Amino acid sequence: MAAVELDNVTKVFVARARKGMRFDMADYPSGFVTALLYRLYGRTLQHAALKGVSLRVERGEFFGLLGPNGSGKTTLLRIVAGLTPPTSGSVRIFGRDVRGLRVHEYVTYVPGALAGGAWVSMALSAYENLVARARLLGVPERRVREVLDLMGLSEHAHKPVGTFSSGMVARLEVAAALLKDAPIVLLDEPTAGFSPEVELAFHEHLREVARAEGKTLIYATHHLHFAERFFDRVAVMKEGRVVAVGSPSELKAKLGPSSTVSAKVLPRGPVEGLAERLRAELEGVEGVAVRQLDEHFWEVRVVCRDAEEAITRLVPALVRANVLVRRIDVREPTLEDLYLSLIYGEAHEAA
Ligand SMILES: Nc1ncnc2c1ncn2[C@@H]1O[C@H](COP(=O)(O)OP(=O)(O)OP(=O)(O)O)[C@@H](O)[C@H]1O
Ligand SMILES: [Mg+2]
1 MAAVELDNVT KVFVARARKG MRFDMADYPS GFVTALLYRL YGRTLQHAAL
51 KGVSLRVERG EFFGLLGPNG SGKTTLLRIV AGLTPPTSGS VRIFGRDVRG
101 LRVHEYVTYV PGALAGGAWV SMALSAYENL VARARLLGVP ERRVREVLDL
151 MGLSEHAHKP VGTFSSGMVA RLEVAAALLK DAPIVLLDEP TAGFSPEVEL
201 AFHEHLREVA RAEGKTLIYA THHLHFAERF FDRVAVMKEG RVVAVGSPSE
251 LKAKLGPSST VSAKVLPRGP VEGLAERLRA ELEGVEGVAV RQLDEHFWEV
301 RVVCRDAEEA ITRLVPALVR ANVLVRRIDV REPTLEDLYL SLIYGEAHEA
351 A
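Heads up: the sequence shown at position 256 corresponds to 256 in this note's numbering, and the numbers run straight through without jumps.
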């Protein structure tokens, strides 16, 4: 049985504005024309934030949600958390429809970038703040020490929060959200303001928790290198739809095994026509590009399926073209390449 299952979920936000009302561009994600229409006609415009999303997340998975700003990640998480009702479609948690379910007993939602929310008293210590919150939630005090430790705040536990750096306040926010120890944890870009080593430790801990305790974690993020390293599976969202789901390696395999061979070279003569010449000599590779790096050096990039074969043919071809080779690097496709190709189309694959 899946931990979380969405079936054809849509969400339409309806915004209302009166004719001639002052408007703030920031409230109109679809841009100036929409804003102007509101101002002139006071029309009600609808925005479909989710357009038929179906997704299964298994128990114990560390699952990533990727996608550009406005693609619907937060909307999806809020619907699963029971904070926003879907317009249509169904959401099941451990096989049970969320309508009529006490969702908060199963799901913890950790919002991101809320540093210093209203619940925090700057005069009290981190420990005191968390204990007050734990009492409200009916959570034992032992859990306060656990979350402080988890967020690397134990040594600062008894300092007033007013003396904290903003990254420490951000970590305290996440600690507070994690007080409730639910089997499903939704994390919405929680690491804004974390320094890299804290962020790394946090992700390692989450993976550990998913593996050891069988918790299901759904994590929205823009950090593609973390996604590649930590998530069991990811869903890539674009304009309210899921455009790809799978493990990072499965998804990269779908992209095709193209690698990029990049040679830093020093031409001993004019470079005109070098790209065409290499294209002719390296027949069968997917692309060849030549660009100037600085006063002396140029870069030759070859996008190919078989890097060894390409290098073996590239070096003699360069020598014949009177070009010295300084270094050669091979870059295997990354999740970022896949993401960019899904979001922007094929053009970015070889870029
Ligand atoms: N309460 C709301 N009222 C109207 N429109 C909304 C509301 N919440 C979200 N939207 C719109 O729905 C779309 C999806 O927003 P959402 O916050 O889910 O995106 P996101 O993928 O989380 O983006 P980000 O990466 O910036 O956090 C956006 O166009 C957003 O403007
Ligand atoms: Mg968001």
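Where a beta carbon is used, it is the ideal one built from N, C-alpha and C, also for glycine. Predicted, not measured: the structure shown is a model, and the values here were computed from it.
With a cutoff of 8 angstroms, ASP181 does not count as near ligand 2, since its C-beta is closer than that to no heavy atom of the ligand. DSSP lists VAL300 and ILE328 as the beta-bridge partner residues of ALA263. Not a single heavy atom of ligand 1 lies less than 8 angstroms from the C-beta of PRO190. Considered as a whole, the segment 46-116 harbours 62-66, 88-93 and 107-110 as its complete beta strand (DSSP E) runs of no fewer than 3 residues, in chain order. Judged by their CB atoms, ALA126 and LEU172 are nearer to each other than the 9 angstroms cut-off.
Each of TYR219, GLY214, LEU130 and PHE32 was checked against the Cα of ARG59, and the nearest Cα belongs to GLY214. By the C-beta density criterion, LYS254 is exposed, having fewer than 16 other C-beta atoms within 10 angstroms. Restricted to the segment 115-147, the alpha helix (DSSP H) segments that are unbroken, complete and at least 4 residues in length are 126-137, listed in chain order. For VAL243, the enclosing beta strand (DSSP E) stretches over residues 241-246.
In this structure, THR74 has its beta carbon less than 8 angstroms from a heavy atom of ligand 2.
If you draw a straight line from the Cα of ALA289 to the Cα of LYS238, it is about 30 angstroms long.
Listed in chain order, the non-local C-beta contacts of SER54 below 7 angstroms within the same chain comprise LEU6, ASP7 and ASN8, local neighbours out to five positions each way being set aside. Judged by DSSP secondary structure, VAL198 falls within the alpha helix (DSSP H) whose first and last residues are 196-213. With contact defined as three or more Cβ pairs closer than 8 angstroms, the segment 182-192 and the segment 145-156 are not in contact. With a contact defined as Cβ atoms closer than 8 angstroms, LYS264 and ARG207 miss out at about 37 angstroms.
With respect to the 9 angstroms criterion, LEU50 and VAL234 are not classified as neighbours on the basis of their beta carbons.
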